[in-house]
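> This is the structure I have questions about; it appears just below.
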DNA sequence: CTCAAATGTATATTTATCTAGACAATTAAA
DNA sequence: TTTAATTGTCTAGATAAATATACATTTGAG
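Chains as they are written, first to last, in my numbering: chain A, -10 to 240; chain B, -10 to 240.
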């Protein structure tokens, strides 16, 4: 039996069937489709559903197992370990830790690297400074319950925030680092969101499999006078995070 | 020579090399990497850069050609036709046509289909009605200069908006259809953004190649009293659109 | 015109992916 | 304990993707 045209999978290819199926199942888990049973349907049932051979489904499940979101056991079935997709709020008061607060998780921010750089055209336009102006760069990893969900590159004007990376290494929070440097409050001015495949380095940090997708958010934060204080490029693991834009939020 | 470990491509599989390379080149074009030359490097140079055979690069370029963003010509090279990415604003007053207005393009909305359906759990929660309540569904395609950029599924409560699909077929605009039914103004309450691979049907409408990525925006619009009037699921072609969230925009 | 640099086309080989079928091993329920 | 349902393993074959060469065709520069 050569599969006719089943749910979602595409053979005109480019992406292996097992990968398409793994992505599909991951999304279904996130949508709560199997929450009741607490486990996936049997391999045969899934093979039927996607119109592929059982072994192809097995390859997909194997990938999901290495991601740590399911666990197969002979005789029992394939248990769902995590069925979560974080909802990251994007509003005037977007902050990583408090954004995840309500979702009963343990948010955490890790330091990766920092340095100095001259503002590129892109950064300069965002921070409203001249290209070439000295800046502080900071790279961080956001985790929820130990699982990486975001990889961020922050840029601050050095004139005002030289040494903020040192604060961050102690405080492990951009908000608290700003506070330590005398900036008590700030707001999000704009966020630009796109999506693409993660590159090798990004996959490594975010623990994604090849073909994994990231949401890329370019954000500008400003102080209460409207002067830009931070430009960030944040990559969210698309399988684990959705961005929620509430236009009327003012927490 | 068996490639060691070149720029970005990953053989641990799942995604075909030609697709990874096509995605990579598309991003590079968007970043303006070849803007100076106006064309891509030669096939041999690209093969070297990615550590693959020339034919693999050719497959990638063929895909980019069917997307219409490059044009190869024997003897001349591979010309870059478009290096543009639309910026779709998401704000309290998000509307498709006016959103693209400033970008010197010809926005257009096409009717695909419409019908009646009972509100699912998801829709009911968004529109604040009981599950099973009759609704009007409307599927539309958004284009810019003739190129499809978004595929949308709208749901309206039938009690208030029965026949809105007929208005849409005449007006070709949700905003004008609302107006024709006595709703002069409405605002965006929330938008939920995620990213995933497009399925077959979506690729067809959005003219994407297999493995193409879509930004999925789940949006709720409400009248000025805050009563939800519309729930939409819009798929944006991630290669052609980025979503811009300005928290203080009031166009 | 000649030549170099591109892309276009063709064929054969290797490797990865998918299918097919058979059977073993584990688990939970009858 | 028996049985049914499930995952685990193995082998073999078909299809798709990637490599390796070779040569043709188109274009622009000298």
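C-beta: ideal position from N, C-alpha, C; glycine also.
Report the neighbours of residue 125 of chain A on chain B: residues whose CB is nearer than 7 Å to its CB, in chain order.
Ordered by position in chain B, no residue passes the 7 Å Cβ test against residue 125 of chain A, which lies about 23 Å from the chain.
> Given 8 Å as the limit, is there contact between the stretch 133 to 152 of chain B and the stretch 173 to 185 of chain B, that is, 3 or more CB pairs closer than that?
These segments do not touch.
> Over what stretch of residues does the alpha helix (DSSP H) that includes residue 145 of chain A continue unbroken?
Note, residue 145 of chain A: premise wrong, no alpha helix (DSSP H); beta strand (DSSP E) at 136 to 146.
> If the criterion is Cβ atoms closer than 8 Å, does the pair residue 116 of chain A and residue 67 of chain A meet it?
No.
> Residue 33 of chain A: buried (16+ other C-beta within 10 angstroms of its C-beta) or exposed?
Flag for residue 33 of chain A reads exposed.
> Along chain A, in chain order, which residues have C-beta atoms closer than 8 Å to that of residue 57 of chain B?
Per Cβ cutoff of 8 Å: no residues; residue 57 of chain B is ~17 Å from chain A at best.
> What first and last residue would you give for the beta strand (DSSP E) that runs through residue 214 of chain B?
Careful: residue 214 of chain B lies outside any beta strand (DSSP E) and carries neither H nor E.
> Where does residue 83 of chain A sit, in a helix, a strand or coil, going by DSSP?
In the structure shown, residue 83 of chain A sits in coil (DSSP, three-state: anything other than H, G, I, E or B).
> Distance, Cα to Cα, residue 76 of chain A vs residue 166 of chain B?
Spanning the two alpha carbons is a distance of roughly 32 Å.
> Which full runs of the alpha helix (DSSP H) of 4+ residues lie inside the stretch 5 to 45 of chain A, going along the chain?
Counting whole runs of 4 or more residues, the stretch 5 to 45 of chain A contains the alpha helix (DSSP H) stretches 6 to 19 and 32 to 39.
> Can you find the residues in the same chain that come closer than 7 Å, C-beta to C-beta, to residue 227 of chain A, ignoring five residues on each side of it along the sequence?
For residue 227 of chain A, where only same-chain residues beyond five positions count, the Cβ hits under 7 Å are 184, 202, 203 and 204.
> So, for residue 60 of chain B: in the same chain, excluding its five sequence neighbours on each side, which residues have a beta-carbon less than 8 Å away from its beta-carbon?
So the list reads 54, 67, 68 and 70, once near-sequence residues are dropped.
> Could you tell me which uninterrupted alpha helix (DSSP H) segments, each at least 4 residues in length, are contained entirely in the stretch 95 to 127 of chain A, listed from first to last along the chain?
DSSP runs (the alpha helix (DSSP H)) wholly in the stretch 95 to 127 of chain A: 110 to 116.
> With 16 as the cutoff for other CB atoms within 10 Å, does residue 25 of chain A come out buried or exposed?
So residue 25 of chain A counts as exposed.
> Checking the sheet assignment: what are the DSSP bridge partners for residue 184 of chain A?
Residue 184 of chain A is bridged to A:204.
> Check whether the Cβ of residue 179 of chain A lies closer than 8 Å to any Cβ atom in chain B.
So, interface residue.
> Which chain A residues sit within Cβ distance under 8 Å of residue 12 of chain B?
Those within 8 Å of residue 12 of chain B in chain A are 185 and 186.
> Select from A:156, A:142 and A:232 the residue whose C-alpha is nearest the C-alpha of residue 182 of chain A.
Of A:156, A:142 and A:232, the residue nearest in Cα terms is A:232.
> Below 8 Å on the Cβ atoms is my guess for residue 45 of chain A versus residue 10 of chain A; work out the distance and round it to an integer in Å.
Contact flag correct, Cβ pair sits at about 7 Å.
> Mind checking who residue 132 of chain B pairs with in its DSSP beta bridge?
In the DSSP output, where bridge partners are listed per residue, residue 132 of chain B has B:97 and B:137.
> At 8 Å on the CB atoms, spell out the chain B contacts of residue 9 of chain A, in chain order.
Chain B residues near residue 9 of chain A: 186.
> Which value, in whole angstroms, describes the spacing of the CA atoms of residue 119 of chain B and residue 111 of chain A?
Their Cα atoms are separated by approximately 47 Å.
> Does DSSP put residue 53 of chain A in a helix, a strand or coil?
Note: residue 53 of chain A maps to helix in three-state DSSP.
> Starting from residue 79 of chain A, find everything on chain B with Cβ-Cβ shorter than 7 Å and list it in chain order.
Simply 234.
> Tell me which residues share the same chain as residue 36 of chain A and place their Cβ nearer than 8 Å to its Cβ, disregarding the 5 neighbours each side in the sequence.
Excluding sequence neighbours, residue 36 of chain A sits near 42, 43, 45 and 46.
> How many Å lie between residue 7 of chain B and residue 6 of chain A at the Cα?
So the alpha carbons of these two residues sit roughly 16 Å apart.
> Which same chain residues, not among the five before or five after residue 122 of chain A, have their C-beta less than 6 Å away from its C-beta?
Only 108 meet the Cβ criterion.
> Nearest chain B C-beta to residue 221 of chain A closer than 8 Å, yes or no?
Closer than 8 Å: no.
> Starting from residue 153 of chain A, trace the alpha helix (DSSP H) in both directions and tell me its first and last residue.
Start and end: 153 to 160.
> Could you tell me the alpha carbon to alpha carbon distance between residue 153 of chain A and residue 127 of chain A, rounded to whole angstroms?
Taking the straight line joining both Cα atoms gives about 9 Å.
> With a Cβ-Cβ cutoff of 8 Å, do residue 141 of chain B and residue 83 of chain B count as a contact?
Contact: no.
> Identify the contact partners of residue 204 of chain A in chain B, using a Cβ-Cβ distance below 9 Å as the criterion.
182, 183, 184 and 204, listed in chain order.
> Below 8 Å on the Cβ atoms is my guess for residue 218 of chain B versus residue 210 of chain B; work out the distance and round it to an integer in Å.
About 6 Å; that satisfies the 8 Å criterion.
> Which residues share a DSSP beta bridge with residue 168 of chain A?
The partner list for residue 168 of chain A (beta bridge, DSSP) is empty, contrary to what the question assumes.
> Out of A:229, A:103, A:170 and A:213, which one is the CA nearest neighbour of residue 198 of chain A?
The shortest Cα separation from residue 198 of chain A among A:229, A:103, A:170 and A:213 belongs to A:229.
> Select from A:180, A:169, A:56 and A:161 the residue whose C-alpha is nearest the C-alpha of residue 80 of chain A.
Nearest C-alpha to residue 80 of chain A: A:180.
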